[in-house]
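So the protein sequences, as listed, match chains L and V.
Positions 541 to 1028 (the numbering used here) are the ones given, in order, by the first sequence.
Positions 541 to 1028 (the numbering used here) are the ones given, in order, by the second sequence.
Note that the Cβ used here is the ideal one computed from N, Cα and C, for glycine as well.
There are 2 protein chains.
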Amino acid sequence: MQMKQREFKIDKETNFSEWYNTIIYGAELADIRYNVKGFVVFRPWAVAAMKRMYAAYEKELEKTGHGPAWFPALIPEKNLMKEAKHVEGFVPEVFWVEKAGETKLEERLAMRPTSETAMYPMYALWIQSASDLPLKIYHSSQVWRHETKATKPFIRSREFYWIEAHDVYATREESEAQVREDMQIARKVITQKLGVPFVFFQRPQWDKFPGALHTFAADTLMPDGKVIQQPSTHLLGQNFSKAFDISFTDEKGNKQFGWQTCYGPAISRIYASVISMHGDSKGLVLPPIIAPIQIVIVPIARKGSGDPLVKKALQIKEALEQKDWRVHIDSRDKTPGFKFNDWEMKGVPMRIEMGERELEKLSVTLALRDSGEKRTVLEKDLEKRVMQEAEAMTKRMLEKAEKWFTARLNTASTEKDLVKRLDKGGMVRIPFCTLEMNGMPCAESLKKKHAIDVRGTRYDQKEKPSGKETCVMCGKTAAVYVFAGRQY
Amino acid sequence: MQMKQREFKIDKETNFSEWYNTIIYGAELADIRYNVKGFVVFRPWAVAAMKRMYAAYEKELEKTGHGPAWFPALIPEKNLMKEAKHVEGFVPEVFWVEKAGETKLEERLAMRPTSETAMYPMYALWIQSASDLPLKIYHSSQVWRHETKATKPFIRSREFYWIEAHDVYATREESEAQVREDMQIARKVITQKLGVPFVFFQRPQWDKFPGALHTFAADTLMPDGKVIQQPSTHLLGQNFSKAFDISFTDEKGNKQFGWQTCYGPAISRIYASVISMHGDSKGLVLPPIIAPIQIVIVPIARKGSGDPLVKKALQIKEALEQKDWRVHIDSRDKTPGFKFNDWEMKGVPMRIEMGERELEKLSVTLALRDSGEKRTVLEKDLEKRVMQEAEAMTKRMLEKAEKWFTARLNTASTEKDLVKRLDKGGMVRIPFCTLEMNGMPCAESLKKKHAIDVRGTRYDQKEKPSGKETCVMCGKTAAVYVFAGRQY
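Here you go:
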């Protein structure tokens, strides 16, 4: 890769697209030169972090009783065709397999665009009685959709990396509780561990998952103020259980259909938000929990005087590794300045600088990636300090992000005011006629006139208009407050 | 699933196929009722173990300098066509994508049967100078091949789960050292951690990876004495680097092509060997390192007297979880006998039984899955003992497997003797004319007459025939000793 940039000063808010591309190549995260349109190659520095994101998410799913399973990548056309809305939603963008070697297959197979129709025929076999419920299964996988919008690594491509969790309950109430649990898991992983704040919205009826009763989706913001969707969870009701005969016999001997939910955190897209929320004009800033290298040690030696330093660096590395820190010594034949820039671009959370003078004082310099601060730390305190600083950094990154995000949630009560506010980015609360299907013309008009999307009602704040307020588009009495934004 | 069998007494050596199927369904490992031929659904109990196998393998790959990457599932036909032997080897079994939605694609895309032709065009972009070498990357993924042989879960299906590691070096010597490293990693993970012994063979020239100079593959045995291939590693030489222009400029300014290796441990197939090597007539026996539950606690209460027992069980669970053990309390309303059978079928390494009498004595009974032994352990010693017993069990399982395996490696010097010995299973060493292409007729004749496969020369023992011995088939002076067996 010859595109490495050791230093760059691009402001991510005013020039997000250039900033993002510079990071993608500078930190060697992805490569879009693969010769199938819409398909991206994800490189080790990004994958090593995303694997940790998978692990963090899977841990929470397992804690809440989900088991891992692997379902096939290919789905028979007849399975896909079973639920009418689902067909409408996904068939237009499915990659079809019709041939293997020289053999024409008996039936067309779809590369999974999502796995409901692969999983639910099996669920129908596995679920017979109430004692088989709840069934909670997740699958970490890729899905393929022939997207027509432009490819942007991690944000949108025709192949993306996600987790799907599909749960079945005996009652609607339990399935509703699962939707809330899904939201809590998102908060725990994405906000608390990765420092990305978001708001969960109940999507309008015209913008829900194909086949669901209701869709709840998290939205966050990119540095340019545009909205990007994060995980969504869907109350499927009994639409799929009836189509696939996922049923059980209750105590009275009656046949009952299951109540289902599905949940889809897209790991690659969450990573896009992590990059974008925390990065700065020097490069990536990675939360310590997912950084492939958490601490880089840079020995600063005068010519020919390096030996005791290297020895000391190794000692420190080993001591920190004993405590499960991921540590790397940069012993390349380059200047310290070059190395600092390089690891700052890559977003390594902590850097230990050690020169001869420090060696004499039995101390090192600890530099923090997010704030740029430097601390002098005695060697004997290092293990403890590293832990404290990593915790403080995680907290600081979230606080900074929360502050930035919250400042971009505004309100407006007229179309004109909405547009004016959204021209500065963010999400704006407006009075709106309804989330039911007859609100769709107002949403379409907003989209067409101003490229503004209605994101739905806030799930965590149930406030309702007073009855005096009117929809910003049609002027009818507003039944709901919705948030609107320009979508990524 | 209504196929659970709580107890069964099928001998795995004399009736392997029935035993294997009983385990697959009894322990809920996989389901072959998915409605695409050759595609298998892998269920949580198996996946939770295979995820740990992935982690163990990836850890060793990362320790030896490999970084993780994700390459696309779809490969353009033109990439596949670049290396002649590779085309021959894989194109006949490729799943082709020609359409997305209603759009006919400009070019056919193959679902990856293996990723050389997806990865190497990118390697050509990334490698420019000697300082970009070595390049060591692994990808944990699925591959798809339209196999014509019968599907057997974990052993063979049209979709399988594996890791591919693809490395590039400046010199042949370094690439040969990588092949040896690949073998050591296999030994470390599959034998030392999972207790499955194997032998690495250099495959005959007619049985190598399409496009490679040499193929080295591990073979182990199934309970019925048939051979099953485990990981293989391939010295690719410069065949692919020339086809894909993976080159660098050396110090003298000359263009040099890279020396490549690729390595493919199939996780699902290794799991098949783990099941088969260790299982017994009560069910699975899982090595502690990969068991989804390592310790199951079964409180044995008289009616209405369970409370103090349940409390104690929880205390023990929490104490063991503090030490990172995976523990489950079976509090179902079932008899202890039912529970014992159930967890024995699932292969949980250790069971803690606790009744009231034991509670009074501040002790529990610790039952070991592999040997069936029971130990009385004082509560205060439990954490220490569990660790000791798990280590001893891992060691015992390997020793038992090694003994069984080694006893099935034999020698013969004539065709007749070979057949007689192989009718009892195992692998048999024979004098053979040559591993070069002109030995192929002898191998084909062995296969046709006796369904026996030539597996190659042992990599770890370089012994050569004396000059007096003759090939068991053609009678010419034998240049090599090869091992032969009946392949799974």
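Asked, Found
"Would you say L/Asp-571 lies against chain V (beta-carbon separation less than 9 Å)?", "yes"
"Leaving out five residues on either side along the sequence, give the residues of the same chain with a beta carbon under 6 Å from the beta carbon of V/His-990.", "Val-959"
"Identify which residue in V/Glu-900, V/Phe-611 and V/Val-708 has its Cα closest to the Cα of L/Val-576.", "V/Phe-611"
"Buried or exposed: which applies to L/Gln-769, given that a residue is buried once 16 or more other Cβ atoms fall within 10 Å of its Cβ?", "buried"
"At a cut of 8 Å, does the region 666 to 683 of chain L reach the region 659 to 673 of chain V through at least three beta carbon pairs?", "no"
"Taking the beta carbon of V/Glu-898 as the centre, do at least 16 other beta carbons fall within 10 Å, making it buried, or is it exposed?", "buried"
"Checking 9 Å against the spacing of the C-beta atoms, do L/Ile-815 and L/Tyr-597 come in under that value?", "no"
"With a CB to CB cut of under 8 Å and the five nearest residues on each side skipped, what residues in its chain are close to L/Ile-550?", "Glu-558, Trp-559, Thr-562 and Ser-821"
"Taking the C-alpha atoms as reference points, what is the distance between L/Glu-716 and L/Asp-1000?", "14 Å"
"Alpha carbon to alpha carbon, how far is V/Gln-545 from V/Gly-566?", "Residue placement at V/Gln-545 is flagged as unreliable, the pLDDT there being 45, under the threshold of 50; the coordinate-derived value follows with that caveat. Cα to Cα, V/Gln-545 sits roughly 5 Å from V/Gly-566."
"For chain V, find out if any of its Cβ atoms is closer than 9 Å to the Cβ of L/Phe-780; answer yes or no.", "no"
"Answer yes if the region 854 to 872 of chain L comes into contact with the region 914 to 929 of chain L, meaning at least three C-beta pairs across the two stretches below 8 Å, and no otherwise.", "yes"
"Is there a C-beta anywhere in chain V that falls below 9 Å from the one on L/Asn-881?", "no"
"Tell me which residues share the same chain as V/Gln-526 and place their Cβ nearer than 6 Å to its Cβ, disregarding the 5 neighbours each side in the sequence.", "It is not possible to answer for residue 526 of chain V, since the shown part of chain V is limited to 541 through 1028."
"Considering only their Cβ atoms, is the gap separating V/Ser-697 from V/Phe-579 smaller than 9 Å?", "yes"
"Enumerated in chain order, which unbroken segments of the beta strand (DSSP E) with a length of 3 residues or greater are wholly contained in the region 614 to 690 of chain V?", "614 to 616, 635 to 640, 643 to 651 and 675 to 684"
"Have a look at L/Ile-869, L/Thr-711 and L/Leu-918 and flag the residue whose alpha-carbon is nearest the alpha-carbon of L/Gly-798.", "L/Thr-711"
"When you compare the CB positions of L/Ile-572 and L/Thr-760, do they come within less than 9 Å of one another, or not?", "no"
"With distances taken between CB atoms, is the gap from V/Pro-763 to V/Ala-726 smaller than 9 Å?", "no"
"Going along the chain, which residues of the region 655 to 667 of chain L sit with their C-beta nearer than 9 Å to a C-beta in chain V?", "Ala-658, Met-659, Pro-661, Met-662, Leu-665 and Trp-666"
"Using a threshold of 9 Å, state whether the C-beta atoms of L/Val-994 and L/Pro-744 are closer than that.", "yes"
"Indicate whether at least one CB of chain V lies closer than 9 Å to the CB of L/Ala-941.", "no"
"What are the complete beta strand (DSSP E) segments, minimum 3 residues, inside the region 798 to 857 of chain L?", "799 to 803 and 835 to 840"
"Taking the DSSP output, what are the residues bridged to V/Leu-949?", "V/Met-967"
"Going by alpha carbons, who is nearest to V/Asp-870 out of V/Leu-665, V/Asn-950 and V/Leu-849?", "V/Leu-849"
"Give me the subset of the region 623 to 646 of chain V whose CB atoms are less than 9 Å from a CB atom of chain L, sorted by chain position.", "Val-631, Pro-632, Glu-633, Val-634, Phe-635, Trp-636, Val-637, Glu-638, Lys-639, Ala-640, Gly-641, Glu-642, Thr-643, Leu-645 and Glu-646"
"Tell me, please, which residues DSSP counts as bridged to L/Ala-570.", "L/Phe-582"
"Would you mind sorting L/Asn-779 into buried or exposed? The rule is 16 or more other CB atoms within 10 Å of its CB.", "buried"
"Output the distance between the C-alpha atoms of L/Ile-730 and L/Tyr-594, rounded to the nearest integer angstrom.", "11 Å"
"I'd like the ranges of any beta strand (DSSP E) spanning at least 3 consecutive residues and lying wholly in the region 705 to 768 of chain V.", "739 to 742 and 754 to 761"
"Taking only beta carbons into account, state which residues of the region 598 to 613 of chain V come closer than 7 Å to chain L, listed in chain order.", "Gly-607, Pro-608, Ala-609, Trp-610, Phe-611, Pro-612 and Ala-613"
"Quick one: does V/Lys-795 have its CB under 9 Å from some CB of chain L?", "no"
"Please report how far the alpha carbon of V/Pro-839 lies from the alpha carbon of V/Leu-938, in whole angstroms.", "31 Å"
"What in chain V is Cβ-close to L/Leu-649, meaning under 7 Å?", "Val-576"
"Among L/Lys-874, L/Gly-777 and L/Lys-1016, which has the Cα closest to the Cα of L/Glu-713?", "L/Gly-777"
"Report the three-state DSSP secondary structure of V/Met-590 (helix, strand or coil).", "helix"
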